[in-house]
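The sequence shown begins at 238 in the numbering used here and counts up one residue at a time.
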Amino acid sequence: MDRIVKLENEIRSLSDEELSAFRQWFREFDSEVWDREVEADVRAGKLDSFADKAIADHRSGKSASL
């Protein structure tokens, strides 16, 4: 936790411009991490049941075309 506290203090000391740049960087970083997690879940089959249910619902008329 010591590293987190240090990071928090560093972030608090950023200028408005630096904070804006950090936010942009972190959004991109977080999106990349999320993408890798989802891709790993797909490869592991963790989302198969959701896809199967969506397909079954569609076939039974529980969805609509846009």
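In this text, a Cβ means the ideal position worked out from N, Cα and C, and glycines have one as well.
- Residue state for residue 243 is assigned as helix, using DSSP reduced to three classes.
- About 7 Å separates the CB atoms of residue 248 and residue 259; that is less than 8 Å, so the two are in contact.
- Bounds of the alpha helix (DSSP H) holding residue 256 are 253-280.
- A direct Cα-to-Cα measurement between residue 302 and residue 268 gives close to 29 Å.
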